[in-house]
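6 protein chains.
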Amino acid sequence: MAERYPFPDLNTLPEDIRARILEVQEKAGFIPNVFLAFARRPAEWRAFFAYHDALMLKEEGSLTKGEREMIVTTTSAANQCLYCVVAHGAILRIYEKKPLVADQVAVNHRKADIPPRQKAMLDFAMKVCQRAHEIEDADFKALYPHGFDDEDIWDISAITAFFGLSNRMASFAGMQPNPEFYLMGRLPREKKA
Amino acid sequence: MAERYPFPDLNTLPEDIRARILEVQEKAGFIPNVFLAFARRPAEWRAFFAYHDALMLKEEGSLTKGEREMIVTTTSAANQCLYCVVAHGAILRIYEKKPLVADQVAVNHRKADIPPRQKAMLDFAMKVCQRAHEIEDADFKALYPHGFDDEDIWDISAITAFFGLSNRMASFAGMQPNPEFYLMGRLPREKKA
Amino acid sequence: MAERYPFPDLNTLPEDIRARILEVQEKAGFIPNVFLAFARRPAEWRAFFAYHDALMLKEEGSLTKGEREMIVTTTSAANQCLYCVVAHGAILRIYEKKPLVADQVAVNHRKADIPPRQKAMLDFAMKVCQRAHEIEDADFKALYPHGFDDEDIWDISAITAFFGLSNRMASFAGMQPNPEFYLMGRLPREKKA
Amino acid sequence: MAERYPFPDLNTLPEDIRARILEVQEKAGFIPNVFLAFARRPAEWRAFFAYHDALMLKEEGSLTKGEREMIVTTTSAANQCLYCVVAHGAILRIYEKKPLVADQVAVNHRKADIPPRQKAMLDFAMKVCQRAHEIEDADFKALYPHGFDDEDIWDISAITAFFGLSNRMASFAGMQPNPEFYLMGRLPREKKA
Amino acid sequence: MAERYPFPDLNTLPEDIRARILEVQEKAGFIPNVFLAFARRPAEWRAFFAYHDALMLKEEGSLTKGEREMIVTTTSAANQCLYCVVAHGAILRIYEKKPLVADQVAVNHRKADIPPRQKAMLDFAMKVCQRAHEIEDADFKALYPHGFDDEDIWDISAITAFFGLSNRMASFAGMQPNPEFYLMGRLPREKKA
Amino acid sequence: MAERYPFPDLNTLPEDIRARILEVQEKAGFIPNVFLAFARRPAEWRAFFAYHDALMLKEEGSLTKGEREMIVTTTSAANQCLYCVVAHGAILRIYEKKPLVADQVAVNHRKADIPPRQKAMLDFAMKVCQRAHEIEDADFKALYPHGFDDEDIWDISAITAFFGLSNRMASFAGMQPNPEFYLMGRLPREKKA
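These protein sequence lines map, in sequence, to chains A, B, C, D, E and F. Heads up, the first sequence is in our numbering, so the first residue is 742 and it goes up one at a time. Heads up, the second sequence is in our numbering, so the first residue is 742 and it goes up one at a time. Heads up, the third sequence is in our numbering, so the first residue is 742 and it goes up one at a time. Heads up, the fourth sequence is in our numbering, so the first residue is 742 and it goes up one at a time. Heads up, the fifth sequence is in our numbering, so the first residue is 742 and it goes up one at a time. Heads up, the sixth sequence is in our numbering, so the first residue is 742 and it goes up one at a time.
The structure is reproduced here in structure tokens:
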């Protein structure tokens with residue numbers, strides 16, 4: 742990545758992009774590489790993060806933020822995307838306050854220590870990820886008993902579809918996760934203090 | 742689609758979305774269903790079309806607009822997405838002024854009547870579509886002799902990745918192409934007059 | 742194809758083959774390439790078209806001629822055979838008087854605008870095409886409620902199997918569909934007059 | 742098979758079919774089931790065996806009869822067709838006078854005790870069997886150094902394609918190989934006397 | 742194999758290994774190649790045969806020795822392992838006293854002439870062989886009505902898993918089955934006398 | 742697992758097994774679940790760990806202990822085995838003193854921060870894992886320039902094959918990794934003190 746698609750200098754970036762990046766840096770303590778990797782193309786950067794925010798930061802619907810990250814981690818592992826598995830696995834651990842769950846869903850969500858609702862959610866997400874053209878009524882019906890409605894199912898599908906885009910970009914360009922992500926959310930909180 | 746995710750009434754849409762849709766309708770003579778299907782979620786609509794425009798309407802780089810549509814048609818067929826194959830196949834025929842090319846690349850780009858440059862471009866796009874995690878240096882090097890540079894290759898990859906998102910959304914939601922698309926670009930121009 | 746396996750001169754062909762080809766030409770207005778491509782081997786030509794006619798022109802059974810062509814178009818697309826998708830898609834449009842149906846089943850028969858009977862028929866055909874060794878009693882039983890009996894199911898299977906042969910020959914030899922096929926059956930009848 | 746598609750009574754068959762079957766019975770000592778299984782549909786029977794004979798009994802070309810049967814056995818195993826693996830494996834052992842070769846190519850032709858020429862031939866056949874749409878110039882060029890010309894390659898492809906048809910029919914209908922085939926060609930000749 | 746990993750001289754082997762090999766030779770009339778192929782690494786040889794004996798020679802449980810060999814033959818064919826299909830197919834024929842069954846399960850266990858109990862057993866084994874990560878409660882429940890309990894299911898899984906190891910070793914190293922195996926168990930007993 | 746195949750009481754185990762388990766517990770601070778899961782079958786336990794030790798603890802050859810664990814982690818991820826990815830990923834981090842490497846090879850070894858020698862080693866291991874029947878001379882030759890000889894390649898293959906067994910057993914039985922493994926080797930050494 743570094744060679745073929747070098748990160749732009751932060752100071753050369755459009756003001757809106759620079760501001761958002763500095764804000765993220767302030768909050769996280771470092772700049773996640775995806776913010777710099779896409780910044781070389783401002784129009785794509787803006788669309789990418791607008792899409793991301795619409796799906797991942799929304800408050801409506803029954804999906805928690807942790808469940809959204811769980812979808813990302815699981816389907817990104819199926820797509821073998823190193824950046825997204827490591828970065829979103831970290832956020833998943835933090836949101837769900839479960840230090841083991843990200844590794845579990847990344848390897849095999851069927852064996853993860855999660856409730857049936859989340860297994861059904863991930864089954865649907867994996868089908869959108871790998872065989873969206875075979876999605877049929879029965880797939881929707883399998884989700885309703887777990888409390889998902891059609892808007893939630895749109896969320897599950899859109900998150901999966903959006904990170905399928907992200908996975909392909911990260912893999913093609915060789916984007917590497919920041920080292921900080923690997924350990925985030927693995928330690929009990931007191932160690933952080 | 743109609744049942745589960747009905748199209749919103751055009752008059753209830755935010756002004757920016759409504760304006761763009763009316764503009765498209767004026768130009769095309771009809772409203773492509775994707776504009777209405779996504780409009781039920783304005784924030785996603787705006788991000789989706791901003792991304793689309795950044796990739797498909799850009800003037801820079803060596804990819805022609807026809808080549809961009811050729812990537813969409815080929816990879817959407819691999820993803821078995823009815824909406825994108827039919828709609829973008831139509832635009833491909835018009836841009837390339839080749840009434841047969843869309844059906845050819847949709848079935849098997851290897852047998853299509855296109856120059857080696859476009860075959861190499863589609864080979865790369867298909868690998869991003871189906872095995873992005875295996876992309877390696879050799880794949881880039883296969884494109885350089887055909888006049889593609891690293892920015893062009895980013896375009897090829899981003900178009901493939903973005904329409905992978907679009908394919909999954911259209912398939913999951915059962916989005917149907919407008920009947921008008923099926924015939925567009927198939928007839929010699931004088932018949933249109 | 743042209744280089745490796747050139748078409749024979751029509752005048753050098755055995756009389757029975759020449760007569761049939763001229764008859765087809767008279768009716769269609771052109772000679773579909775498959776008739777010439779196979780003619781270089783008269784014994785194979787005769788067996789191929791005898792088999793074709795036995796399956797596609799028969800009057801018995803509940804499958805309509807349009808349904809037979811629908812099986813060909815769908816499974817040929819799964820086999821990525823350009824010749825058969827384009828040529829038989831054309832005949833399908835004409836027989837079924839549905840200008841959109843061929844493109845629909847070629848991309849994804851699950852999303853095509855066809856009745857449940859035809860979806861079940863294509864599900865069975867696709868299994869014969871891709872996993873015939875897994876066909877079991879349950880697959881037959883899924884067809885009976887739609888009015889197919891065991892003779893119809895033999896027809897579905899034999900058409901799929903025969904065009905699997907045809908697909909492999911056309912792909913291996915690089916057989917191209919005649920340009921005329923691409924547009925056939927797409928226009929309302931009055932435009933033809 | 743017996744239940745769904747019972748064999749017809751030999752005496753009810755058209756004279757040409759009956760004569761050929763009796764001739765085969767006289768030569769082999771039993772009637773191979775494929776002759777009876779297809780006989781319920783005389784037109785298909787005639788086309789099937791005409792095609793078979795054109796490909797398998799021809800004298801021209803560099804493929805020996807044993808090599809033709811080797812293609813059938815190998816690709817039929819890839820298609821998991823019990824009838825063809827057992828019946829044609831038997832004929833292969835007899836023609837090649839190699840009692841072990843049929844089991845070897847059926848399991849994994851790459852490890853079979855056969856010369857490089859036959860390995861190359863089977864590599865090509867397997868590609869026609871499984872990915873005919875990806876056949877390209879390089880595949881032809883890999884065969885020329887082994888003494889195959891384009892007519893031989895047509896033979897390899899046509900045999901593979903024809904038995905792909907046969908495999909699907911036998912699997913779908915549950916056709917069973919005659920018990921006699923399993924042992925044929927496995928014993929040294931003196932034991933037969 | 743012979744070149745890269747030559748068989749060790751029997752006289753140079755540790756006494757326990759030599760003794761077992763001589764015992765097998767006395768019983769079978771020849772030394773199965775797997776005993777020599779692994780003997781070049783005594784520690785691995787001992788572990789391999791200890792594991793083998795624990796699974797294949799045990800007397801407890803409802804699986805017969807023939808059923809154990811049937812699992813080996815079926816899953817080894819799925820793994821395309823020449824050595825195991827031929828060697829264990831021979832033992833299967835002898836144990837089950839069914840000269841045809843090994844070829845049948847190797848090609849397609851769904852079409853083999855075996856009772857429903859054994860088909861269910863092989864369905865489970867094939868899933869462990871190819872998709873163990875998807876094994877779920879429903880797979881266990883499908884076996885109980887056929888008289889298998891959880892210990893039997895452990896046996897089915899362990900045999901499949903162990904021979905998956907064996908298959909990979911034999912294929913990687915090019916291990917060839919002894920010629921004697923090909924004919925064993927195919928002839929009625931009186932011919933052997 | 743706990744329900745279907747409960748762990749035996751440590752005190753009921755044969756003395757040799759109990760002693761080894763206590764020794765491991767002393768060293769690691771906990772008993773890795775695989776030791777208890779297999780202990781319900783002493784003969785299989787002994788063979789399993791004898792095999793494991795022969796492959797993983799050996800001192801000869803050019804593979805380091807870290808490289809051995811890297812093979813296990815990579816191929817276990819391909820087999821989606823939760824237990825082995827988490828447990829052996831932990832050991833890999835410790836041996837290699839690289840806290841990030843296990844997550845990297847588990848997601849996509851092609852993008853891992855490892856030298857070409859280890860990438861070549863993992864390419865070979867993945868082929869043994871997924872397509873051992875296609876291993877050919879060229880695969881061996883690709884390893885020699887990296888300093889691997891035929892004994893090292895036997896090690897790579899045997900480790901892959903052995904953990905393919907382990908993966909299938911762990912997945913089928915639902916074996917869960919001990920929570921301790923998830924964090925092992927992720928923190929700088931001083932924090933451990």
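All residues carry an ideal CB built from backbone N, CA and C; glycine is no exception. Quick caveat, the model's predicted, so the values are computed rather than measured.
If only complete runs of 4 or more residues are kept, the segment 811–854 of chain C shows the alpha helix (DSSP H) at 823–837 and 842–849, in order along the chain.
Take D:P749, set aside five residues on each side of it, and the residues of its chain with a beta-carbon closer than 8 angstroms to its own are L777, A780 and R781, in chain order.
When C:D794, C:K806 and C:D844 are compared, the shortest CA-CA separation from C:A818 is found for C:D844. Contact annotation: the segment 857–871 of chain E does not touch the segment 820–837 of chain D, with fewer than three C-beta pairs closer than 8 angstroms.
Residue state for D:M867 is assigned as helix, using DSSP reduced to three classes. For the pair C:A861 and C:M925, the CB atoms are not nearer than the 8 angstroms cut-off.
Look at F:N752 here: in three-state DSSP terms it is helix. Shown here, E:Q859 sits in a helix according to DSSP, grouped into three states. Distances from the CA of D:P918 to each of D:E800, D:N774, D:Q766 and D:T814 were compared; the closest alpha carbon is that of D:N774.
In this structure, F:D893 sits near F:L804, with a CB-CB distance shorter than 8 angstroms. Look at the beta carbons and you see the segment 902–914 of chain B not touching the segment 758–765 of chain A: under three pairs across the two are nearer than 8 angstroms. For E:A883, the three-state secondary structure derived from DSSP is coil. Per DSSP, the unbroken alpha helix (DSSP H) holding D:I897 starts and ends at D891 to A914. Cβ neighbours of D:G807 within its own chain (closer than 7 angstroms, five residues either side excluded): L833, Y836 and E837. Taking 8 angstroms as the cut-off, the beta carbon of B:S898 is found closer than this to the beta carbon of B:V869.
Scanning chain B for C-beta atoms nearer than 8 angstroms to the C-beta of C:A914 yields nothing, as the closest lies near 11 angstroms away.
Leaving aside the five residues that flank C:Y923 on each side, the residues in its chain whose CB is nearer than 8 angstroms to its CB run, in chain order, V827 and A831. Just so you know, the alpha carbons of B:T814 and B:A847 end up roughly 6 angstroms apart. At a cut-off of 8 angstroms between C-beta atoms, D:V813 does not count as an interface residue with respect to chain E. The Cβ atoms of F:G905 and F:N849 lie no closer than 8 angstroms to each other. Out of C:K852, C:K839 and C:P886, the CA that lies nearest to the CA of C:L928 is found in C:K839.
Contact check for B:W895 against A:Y746 passes: the beta carbons are separated by less than 8 angstroms.
Flagged as an interface residue toward chain D: C:Y746, by a C-beta distance shorter than 8 angstroms. Residue nearest to B:T816 within the set B:T901, B:R872, B:L754 and B:L751 is B:T901 (criterion: CA-CA distance). With respect to the 8 angstroms criterion, F:A784 and E:A795 are classified as neighbours on the basis of their beta carbons. DSSP places D:R781 in the coil class of the three-state scheme, outside both helix and strand.
In its chain, beyond the 5 residues on either side, K868 and V869 have a beta carbon closer than 7 angstroms to the beta carbon of D:I876. Here DSSP, grouped into helix, strand and coil, assigns F:M797 to helix. Interface residue (Cβ-Cβ distance to chain C less than 8 angstroms): E:R851 is classified as such. Only exposed fits A:R872, as fewer than 16 other CB atoms lie within 10 angstroms of its CB. Residue-level contact by beta carbon holds for D:V869 and chain C, with a gap shorter than 8 angstroms. With contacts defined as CB atoms closer than 8 angstroms, C:C822 and D:H887 fail to qualify as a contacting pair. DSSP, read as helix, strand or coil, puts C:G807 in helix. Non-local beta-carbon contacts of C:L754 in its own chain, meaning distances under 8 angstroms to residues more than five positions away in sequence, involve I762, A780 and P783 in chain order. In this structure B:L841 is buried. Its beta-carbon is surrounded by 16 or more other beta-carbon atoms within 10 angstroms. Under the three-state reduction of DSSP output, C:R787 falls in the helix class.
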